[in-house]
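One structure is given here, and the rest of the page talks about it.
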Amino acid sequence: MVRNIHCHDGSLAPMIAKQNEKGTWDIFGISEVFGMGAADYKTKLFDFEITDLILLNSYNGKAYVCIKKDQKWGLLEIKENETVECDWKMISDLNYPTADKMLSDFKINRLDFMS
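Everything in the sequence shown is counted per the numbering used here, starting at 2 for the first residue and increasing by one.
Below, the structure written as structure tokens:
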């Protein structure tokens, strides 16, 4: 399964989440753009297996991905920057017991985003 991660309405998603054969996830960034709506996603962004994730996509310039490793959650923020890749950074380390607690602490409402 592959899911797009996006923060704008461009023709390319800046990242994808790809589920592997073990059922865990990897997140990849754009490695090469071929043209209108076509790109390779070979740049693996994290060197650990993601056991679960929650996508909070948007078209308004900012999106989030809740990332679970083992039993702890962290938060990835993606911001539009006038490039197809967008800027991204982990704004919370993997130390929250639940995604809901983490989103509450950051005052992020899931209803403001798409999955």
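Just so it is clear, CB atoms sit at the ideal spot from N, CA and C, and this is done for glycine as well. Note that the coordinates shown come from a computational prediction; the quantities given were computed from them, not determined experimentally.
- Short of 8 Å from the beta carbon of residue 44, and not among the five residues preceding or following it, lie these beta carbons of its own chain, in chain order: 29, 30, 31, 32.
- Here residue 8 has 15, 58, 59, 60, 61, 62, 63, 64, 79, 80, 81, 87 as same chain residues with Cβ atoms under 8 Å from its own Cβ, once five neighbours each way along the sequence are excluded.
- A distance below 8 Å between beta-carbons, with the five flanking residues on each side excluded, links residue 98 to the following residues of its chain, in chain order: 72, 73, 74.
- Spatial neighbours of residue 70 in its own chain (CB-CB distance under 8 Å, excluding positions within 5 residues in sequence) are listed in chain order as 49, 50, 51, 52, 95.
- Residue 108 has its alpha-carbon roughly 31 Å from the corresponding atom of residue 42.
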